[in-house]
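Below you'll find the structure, written out as structure tokens, and then a few comments.
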Amino acid sequence: MLKDRVILLSDCQSFYASVEKAAHPEYRDRPIAVGDPTRMNGIVLAACPIAKAQGVTTASRVGEAMTKCPGLIVVRPRMGTYIKVSLLISEIYRTYTDLVEPYSIDEQFLDVTGSLAYFGGSLQDMIRKIQHHVLLSTGVWTRVGIGPTKTLAKTATDNYAKKAAGGIYELTYDRLESTLWTLPVQDMFMVAGRMTRNFWRMGITTVGDIARMELGEFKRRMRTTMGKQSDIQAEYYWQTARGIDPSPVVTGIRHQIKSVGHGKALRWNLYTRLPEIEVVLLELVIEVCQRARKYRYMGAVVSIAVSETDGNKSNSYSRQMTMPEPSSLTHEVAAAAYRLFVNHWTGMPVSRLAISISQLTDDRVMQLTLFDDRIRTYNRERAIDQIKTRYGSRALIRASSLLESGVALERAEQIGGHYK
Numbered sequence: 144m145l146k147d148r149v150i151l152l153s154d155c156q157s158f159y160a161s162v163e164k165a166a167h168p169e170y171r172d173r174p175i176a177v178g179d180p181t182r183m184n185g186i187v188l189a190a191c192p193i194a195k196a197q198g199v200t201t202a203s204r205v206g207e208a209m210t211k212c213p214g215l216i217v218v219r220p221r222m223g224t225y226i227k228v229s230l231l232i233s234e235i236y237r238t239y240t241d242l243v244e245p246y247s248i249d250e251q252f253l254d255v256t257g258s259l260a261y262f263g264g265s266l267q268d269m270i271r272k273i274q275h276h277v278l279l280s281t282g283v284w285t286r287v288g289i290g291p292t293k294t295l296a297k298t299a300t301d302n303y304a305k306k307a308a309g310g311i312y313e314l315t316y317d318r319l320e321s322t323l324w325t326l327p328v329q330d331m332f333m334v335a336g337r338m339t340r341n342f343w344r345m346g347i348t349t350v351g352d353i354a355r356m357e358l359g360e361f362k363r364r365m366r367t368t369m370g371k372q373s374d375i376q377a378e379y380y381w382q383t384a385r386g387i388d389p390s391p392v393v394t395g396i397r398h399q400i401k402s403v404g405h406g407k408a409l410r411w412n413l414y415t416r417l418p419e420i421e422v423v424l425l426e427l428v429i430e431v432c433q434r435a436r437k438y439r440y441m442g443a444v445v446s447i448a449v450s451e452t453d454g455n456k457s458n459s460y461s462r463q464m465t466m467p468e469p470s471s472l473t474h475e476v477a478a479a480a481y482r483l484f485v486n487h488w489t490g491m492p493v494s495r496l497a498i499s500i501s502q503l504t505d506d507r508v509m510q511l512t513l514f515d516d517r518i519r520t521y522n523r524e525r526a527i528d529q530i531k532t533r534y535g536s537r538a539l540i541r542a543s544s545l546l547e548s549g550v551a552l553e554r555a556e557q558i559g560g561h562y563k
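Everything in the sequence shown is counted per our numbering, starting at 144 for the first residue and increasing by one.
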């Protein structure tokens, strides 16, 4: 019989806020939250435990958080710094095992099955060593869930380790009935609001209700509620409830990129006319094409996603079209995106706009045309990419982005929609 794997899911407590507290020792005993202090309607990205104890929650409005916690210090996010700290933590983990898989910016899986004996002592001793190594190097405290599978390690972290005094909890197969199976079904891994409501309609309220059911019976109930196409989902949730997860901890990029996209939330009262919207649409296309060329891809399908509002009613939709040839050339993708938008825009102010390309192919094989020198255009855009990579995205910018409706200069100061 194969020995059970020993997998950890290490989670950084209040990651962004912890990084800011490490950078500002004077904030150590004060409540802080990470968000934009100039936007009261902006959201809180992270809050330290002191702030959370006073009612500040992630995704709450900055103004609301400051009302709940009058002494709250709101710190502007620095995404570049958080990424660097996350990468440093990855390097620390790799000194304990070469099997490290990032799950998010503040969560990483570690498979220590093969390296545990090398460090001697108990598993708990090894984890405490990792926790203090990260804390001394970054100022960030980590909570660690342990399990024989990635799913159980993640469940152990989210539901138990975060509440444990030492931040460590192990979830094993022989304890599932008294631990995992007692949890509300909405606390099961990968169960969100809509699936929770489906389970409730089936009379399922705990993880154990699924785990104790025969797979055939569970599939039958899922089909009744969700249709014949639900068999794969049923098998996944049934296995998750029983702690079955054969997926390994893998390093590096796990999957080939299937699409490349960018989006931007907009102040809807500023984007009421096509000329203003067209500026943002072009800026997003430029970013999408630049990123696609970075990964050496072209896309055959262009998609747009639009959210509209007039302050009273709202509307959202997405549309796509196939281009004559796969492309990552700005003018070709922009023409397709513009046509999609104009054909489907209702005329309401736009509050969010996103562009993406999919059905990706290798850009080293490009279809030539009779009237356009696509190779020359592609090489020119690659040269522009290299300048931006070396000197920053502000080094070369279109004149239209200097208009009031342009957002490219603002985005140049951001990562993932937040300030660097």
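For each residue, glycine too, the CB sits at the ideal point set by N, CA and C.
As the structure is a computational prediction, the values presented were derived from the model and not from experiment.
The beta carbon of residue 461 is closer than 7 Å to those of 446, 447, 448 in its chain, skipping five residues each way along the sequence. At least 8 Å separates the beta-carbon of residue 476 from that of residue 444. In this structure, DSSP gives residue 432 a helical state, which the three-state scheme calls helix. In the three-state scheme derived from DSSP, where H, G and I count as helix and E and B as strand, residue 321 is classed as coil. Excluding five sequence positions before and after residue 246, the CB atoms of its chain that fall closer than 8 Å to its own CB belong to 152, 252, 297, given in chain order.
Fewer than three Cβ pairs drawn from the region 295 to 315 and the region 157 to 176 lie within less than 8 Å of each other, which leaves the two stretches out of contact. Distances from the alpha-carbon of residue 503 to those of 401, 465, 423 put 401 closest.
Of all C-beta pairs linking the region 214 to 233 to the region 165 to 175, three or more are shorter than 8 Å, placing the two stretches in contact. DSSP places residue 267 in the uninterrupted alpha helix (DSSP H) bounded by 266 to 281.
Assignment of beta-bridge partners to residue 179 by DSSP yields no partner. Here residue 251 is bridged, per DSSP, to 153, 245.
The Cβ atoms of residue 190 and residue 157 sit closer than 8 Å to each other. Residue nearest to residue 372 within the set 362, 332, 499 is 362 (criterion: CA-CA distance). Listed in chain order, the non-local C-beta contacts of residue 494 below 6 Å within the same chain comprise 409, 411, 450, 452, local neighbours out to five positions each way being set aside. For residue 533, there are no CB contacts under 7 Å within the same chain when 5 residues up- and downstream are skipped. Inter-segment contact for the region 169 to 186 and the region 304 to 312 is absent: fewer than three beta-carbon pairs are separated by less than 8 Å. Contact check between the region 321 to 338 and the region 372 to 392: three or more CB pairs, one atom from each, fall below 8 Å, which counts as touching. Per the coordinates, the alpha-carbon of residue 500 lies some 47 Å from the alpha-carbon of residue 262. Residue environment analysis places residue 331 among the buried positions, since at least 16 neighbouring C-beta atoms fall within 10 angstroms of its C-beta.
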